[in-house]
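Asks: Chains as they are written, first to last, in this note's numbering: chain A, 1 to 295; chain B, 1001 to 1572. Don't be surprised by glycine CBs; every beta carbon is placed ideally from N, CA and C. Handing you this structure, nothing more for now.
Below, the structure is given as structure tokens:
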């Protein structure tokens, strides 16, 4: 049976941005927006679950984020993920893609052996598309970005359909492998009613600690045992579990600095259409040469 | 990302005030099943949380998936090619999605893969799905067929059919109507006979069968040759195999996604369900009762959809320099629609909870009998619940189906010329609504079904108790109006009974049923208004309307409006 780890992220819901949500410097006030499951990650999970249905696999999801990211991990369980990992620690706050991929790659190593890492191509909050590739690099894995489908799976190789400009290409790669999945690859399945009912009360270590702190009658260790025994425990990895180099984390470990955010309004210029034949094409090339766009 | 459950405040209101404790006590059997199934609830609160979460899934699929496909399904419709029926592309996608979400066996027991939900919660799901695509209800709502097999079939039949209903591999059909047996099902002719090996076989023709192409068919057939009435009919289950020929599908005004088939049974192998001769008088009557609730939920979904379309259009469309919502004539129509929508929902969920309770009582009594324990208390309660459910079910069907026609009619009117065009959803909704007061018994037949209970005034004590209650302010004034309706009703009833004329009773029944409905719904709304300030508006408009309607009902009866029925030959 294959083991697939899917990287997922909770992002601000940018589908309904109003004036109040934008800060003066042009960045988004995240607290004002509801958090949702990043769509390309959801598609990556769907692809992983389809591989599971077809070839047999154990699918784990992993996210780095604040405690409330548990809500998204529960959604992964509702869809059919076998288990979930929350990687969370205050010291991770402010991490850029470099620091994030460091933490995630260490967490994946901690989980153990695997055949695949799936991730969405990019998250809608930063649009960098860097965490997937950087993680592949840190784990020393081959990577295929813009994946649309897993066409075939053998013991040591996978055949992946990958989107390219104007079409697709089919690549074969050695396992273990990391792929990033592109928007439109797979429509995510609905939540299963039975799994919703079964996993709705799942909690992470952080939730359980909080419950224990709030109520002296509920000792933390008993709670932990109870949630584990009822299969409602969401694996939780913190700084301590991962033995990380603190200089590579958070703001300190993040060389990316946002220099300036500008609101750019693209003004549409005039459009010109040329006939799709040899003549039209040479007219176009002539014009491009003339304008020094080509040559 | 519209969610048709979480974003519908009125359905939320009804869900939050649901009290299903007594029902779940029976259906969950002391919550024992949580040891065996990880999705079974541990206690009442957990069960309610489950229902809420699952309705959220239904609301999400309905708002974001089914709704997007509804116009396409309507345009494409079901196909018929060389004797084979296929669904519209969107319909098939919808069914696949609902099955993947484990929603095709909501009321079936867990041991066959179902969710074991109470009927009321299932009805909420049917309302939500119907709002997105009314025609999908005719397939999603067929879960009652599996439930009928569960109620009346043998354990072998359960094992044979139920698990595949739950996964969505099987769909079903309720095969009752024939060319000469529509409203009058006693006239069914399709014959069931036993061949020389004792195998039951079906031969004959059925018409207007929703999803007749289904895999598993519940067929009403004449097993006692030579008989002519309902007592010669039995219920059978069979597969829709090669011996069942689909002759054609109908081209309909609305609900295009749902195929309506004419079918021919050619010595089709079948199994008897339950006891011989009980087909119509017990099993089909029960099945139809539930189907009527299903159609009421469908009508309610259409009401909601049409209201939303009208409200949105009126808010956006500007004429004379302002949105037409601000033109009093339009505002008033929207208020009427809203009150009709909410009062209908109140009536429907009250009825559906009662049907639920009635069925749980039956289950409870069966269990007590098995254990050899006394059950006379439950039996008495069942008797009363059955009488009231048998009254409220046809009333709900009548009121809801007519409401969906009225609301779609007015919603189209608010759209003006645009509403008459196919680009806007309201045109489809108006066509879809039109079937709801025809099938599963026309409105006229629902009135007939309700007449007995009303002539016997079976809610007399209930109304008296409600009228005696103390209400505050506006509500006390509204109670006075309801008392007046009650007086009008009593006078009319006496007038009708004194005539001792069956035809007069038949023709006055509609007015009597309507007055009874004003009372029942009026008191429910009063109860809601006591706890929820916004509902005072709903109760107020509903009851003020009701009093003027009741006066009109009374005038029709007492001014001998119906006398001209004696002169039909001269007039028509």
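Going residue by residue through the segment 1215-1246 of chain B, where are the continuous beta strand (DSSP E) segments of at least 3 residues, counting only ones entirely within it?
Replies: Segments of the beta strand (DSSP E) lying fully in the segment 1215-1246 of chain B: 1216-1222 and 1233-1239.
Asks: Tell me the DSSP secondary structure of residue 3 of chain A in three-state form.
Replies: The sequence position of residue 3 of chain A within the first chain is 3, counting from 1. Reduced to three states, the DSSP call for residue 3 of chain A is strand.
Asks: Measure from the C-beta of residue 1280 of chain B to each C-beta in chain A and report whether the shortest distance is under 7 angstroms.
Replies: As a first step, residue 1280 of chain B is located in the second chain; it is residue number 280 there, counting from the start. With 7 angstroms as the cut-off, residue 1280 of chain B does not count as an interface residue toward chain A.
Asks: Under 8 angstroms Cβ to Cβ from residue 1365 of chain B, same chain only, skipping five residues before and after it: list those, please.
Replies: For this step, residue 1365 of chain B is matched to residue 365 along the second chain. Answer for residue 1365 of chain B: 1375, 1378, 1379 and 1382, listed in chain order.
Asks: Quick test of the definition: if touching needs 3 or more C-beta pairs under 8 angstroms, does the segment 1207-1216 of chain B touch the segment 1260-1275 of chain B?
Replies: The segment 1207-1216 of chain B vs the segment 1260-1275 of chain B: in contact.
Asks: Exposed or buried, what is residue 179 of chain A when buried is set at 16 or more other beta-carbons lying within 10 Å of its beta-carbon?
Replies: The count along the first chain starts at 1 and reaches residue 179 of chain A at position 179. By the neighbour-count rule (16 or more Cβ atoms within 10 Å), residue 179 of chain A is buried.
Asks: Hey, out of B/1474, B/1357 and B/1299, whose CA is closest to residue 1399 of chain B's CA?
Replies: Sequence index remark: in the second chain, residue 1399 of chain B carries index 399 (1-based). The shortest C-alpha separation from residue 1399 of chain B is found at B/1299.
Asks: Specify the secondary structure class of residue 165 of chain A as computed by DSSP and reduced to three states.
Replies: Within the first chain, residue 165 of chain A is the residue found at index 165, counting from 1. Coil at residue 165 of chain A, not helix or strand.
Asks: Spell out whether any CB of chain A is found under 7 angstroms from the CB atom of residue 1103 of chain B.
Replies: Taking the second chain and counting its residues from 1, one reaches residue 1103 of chain B at position 103. True, the Cβ-Cβ gap to chain A drops below 7 angstroms.
Asks: Beta carbons nearer than 7 angstroms to chain B: which residues of the segment 177-191 of chain A have them?
Replies: The residues in question are 189, 190 and 191.
Asks: Rounded to a whole number of angstroms, what is the C-alpha to C-alpha distance between residue 1442 of chain B and residue 231 of chain A?
Replies: As a position in the second chain, residue 1442 of chain B is number 442, starting the count at 1. As a position in the first chain, residue 231 of chain A is number 231, starting the count at 1. About 51 angstroms.
Asks: Would a C-beta distance cut-off of 7 angstroms place residue 1051 of chain B and residue 1129 of chain B closer than the cut-off?
Replies: Taking the first residue of the second chain as 1, we reach residue 1051 of chain B at position 51. Taking the first residue of the second chain as 1, we reach residue 1129 of chain B at position 129. No, the pair does not count as a contact, with Cβ atoms beyond the cut-off.
Asks: Within 10 Å of its beta-carbon, does residue 1555 of chain B have 16 or more other beta-carbons around it, so buried, or fewer, so exposed?
Replies: Residue mapping note: residue 1555 of chain B aligns to position 555 of the second chain, counting from 1. Burial call: exposed.
Asks: What residues from chain B crowd round residue 231 of chain A, counting only those whose CB sits closer than 9 angstroms?
Replies: Here residue 231 of chain A corresponds to residue number 231 of the first chain, with the count starting at 1. The contacting residues are 1038.
Asks: Measuring CB atoms only, is the segment 1194-1208 of chain B touching the segment 1163-1171 of chain B, in the sense that at least three cross pairs come out at less than 8 angstroms?
Replies: With the cut-off at 8 angstroms, the segment 1194-1208 of chain B and the segment 1163-1171 of chain B do not touch.
Asks: Using a C-beta cutoff of 7 angstroms, does residue 1371 of chain B count as contacting chain A?
Replies: The residue you call residue 1371 of chain B lines up with position 371 of the second chain. With 7 angstroms as the cut-off, residue 1371 of chain B does not count as an interface residue toward chain A.
Asks: Within its chain, find whatever has a CB closer than 6 angstroms to the CB of residue 1205 of chain B; leave out the 5 residues flanking it on each side and keep chain order.
Replies: Position 205 of the second chain, counted from the start, is the residue given in the question as residue 1205 of chain B. Once the five neighbours on either side are set aside, the close Cβ partners of residue 1205 of chain B are 1264.
Asks: Under 7 angstroms Cβ to Cβ from residue 1213 of chain B, same chain only, skipping five residues before and after it: list those, please.
Replies: By 1-based counting over the second chain, the position of residue 1213 of chain B is 213. So the list reads 1085, 1240, 1246, 1259 and 1261, once near-sequence residues are dropped.
Asks: Could you pull the DSSP bridge partners for residue 1262 of chain B from this structure?
Replies: The residue labelled residue 1262 of chain B in the question sits at position 262 within the second chain. DSSP, once it has assigned bridges, lists B/1248 as partnering residue 1262 of chain B.
Asks: Against chain B, which members of the segment 196-216 of chain A pass a CB distance test of less than 7 angstroms?
Replies: The segment 196-216 of chain A vs chain B, Cβ under 7 angstroms: 196, 197, 198 and 200.
Asks: Distance, Cα to Cα, residue 1455 of chain B vs residue 1494 of chain B?
Replies: Mapped onto the second chain, residue 1455 of chain B falls at position 455. Mapped onto the second chain, residue 1494 of chain B falls at position 494. Computed Cα separation, rounded: 9 angstroms.
Asks: For residue 84 of chain A, decide whether its Cβ has a neighbour in chain B, counting only Cβ atoms nearer than 7 angstroms.
Replies: The residue you call residue 84 of chain A lines up with position 84 of the first chain. Output row for residue 84 of chain A: interface = no.
Asks: Where does the unbroken beta strand (DSSP E) through residue 235 of chain A begin, and where does it stop?
Replies: Translated into positions along the first chain, residue 235 of chain A becomes position 235. Unbroken beta strand (DSSP E) run through residue 235 of chain A: 233-237.
Asks: Return helix, strand or coil for residue 160 of chain A, following the three-state DSSP convention.
Replies: Mapped onto the first chain, residue 160 of chain A falls at position 160. Residue state, collapsed to three classes: strand.
Asks: With 16 as the cutoff for other CB atoms within 10 Å, does residue 1572 of chain B come out buried or exposed?
Replies: Here residue 1572 of chain B is taken as the residue at index 572 of the second chain, counted from 1. Residue 1572 of chain B comes out exposed.
Asks: For chain B, check one thing: does any of its Cβ atoms lie closer than 7 angstroms to the Cβ of residue 158 of chain A?
Replies: Taking the first chain and counting its residues from 1, the one referred to as residue 158 of chain A is at position 158. Output row for residue 158 of chain A: interface = no.
Asks: Hey, could you find the ends of the beta strand (DSSP E) residue 1193 of chain B is sitting in?
Replies: Numbered from its first residue, the second chain carries residue 1193 of chain B at position 193. From DSSP, the beta strand (DSSP E) with residue 1193 of chain B extends over 1191-1194.
Asks: Quick one: list the residues of chain A neighbouring residue 1053 of chain B, beta-carbon separation under 7 angstroms, in chain order.
Replies: Position 53 of the second chain holds residue 1053 of chain B. Ordered by position in chain A, the residues that pass the 7 angstroms Cβ test against residue 1053 of chain B are 196, 197 and 200.
Asks: Below 7 angstroms between beta carbons is the criterion; list the residues of the segment 1438-1450 of chain B that meet it against any residue of chain A, in chain order.
Replies: Going along the segment 1438-1450 of chain B in chain order, one finds no residue with a Cβ nearer than 7 angstroms to chain A.
Asks: Listed in chain order, which residues of the segment 1097-1124 of chain B have Cβ atoms closer than 7 angstroms to some Cβ of chain A?
Replies: Result list: 1097, 1100, 1101, 1102, 1103 and 1115.
Asks: Residue 75 of chain A: which of A/222, A/194, A/264 and A/259 sits nearest, CA to CA?
Replies: Within the first chain, residue 75 of chain A is the residue found at index 75, counting from 1. Closest option to residue 75 of chain A, Cα to Cα, is A/194.
Asks: My guess is that residue 1314 of chain B and residue 1335 of chain B are in contact by the Cβ rule of under 8 angstroms, so how many angstroms apart are they, rounded?
Replies: The sequence position of residue 1314 of chain B within the second chain is 314, counting from 1. The sequence position of residue 1335 of chain B within the second chain is 335, counting from 1. With 8 angstroms as the limit, residue 1314 of chain B and residue 1335 of chain B do not qualify as a contact, their Cβ atoms being about 11 angstroms apart.
Asks: Report the rounded CA-to-CA distance for residue 1180 of chain B versus residue 1226 of chain B, giving the unit in angstroms.
Replies: As a working note, residue 1180 of chain B is residue 180 in the second chain. As a working note, residue 1226 of chain B is residue 226 in the second chain. Distance between the alpha carbons of residue 1180 of chain B and residue 1226 of chain B: 17 angstroms.
Asks: Could you check the C-alpha separation between residue 197 of chain A and residue 1140 of chain B for me, to the nearest Å?
Replies: As a position in the first chain, residue 197 of chain A is number 197, starting the count at 1. As a position in the second chain, residue 1140 of chain B is number 140, starting the count at 1. Whole-angstrom Cα-Cα distance: 21 angstroms.
Asks: Can you tell me which residues form a DSSP beta bridge with residue 12 of chain A?
Replies: Counted from its first residue, the first chain places residue 12 of chain A at position 12. Partner(s): A/35.
Asks: Report all residues from its chain with a CB closer than 6 angstroms to the CB of residue 1250 of chain B; omit the five preceding and five following residues, and keep chain order.
Replies: For the purposes of this step, residue 1250 of chain B is taken as the residue at position 250 of the second chain. Cβ neighbours of residue 1250 of chain B beyond the five flanking positions: 1260.
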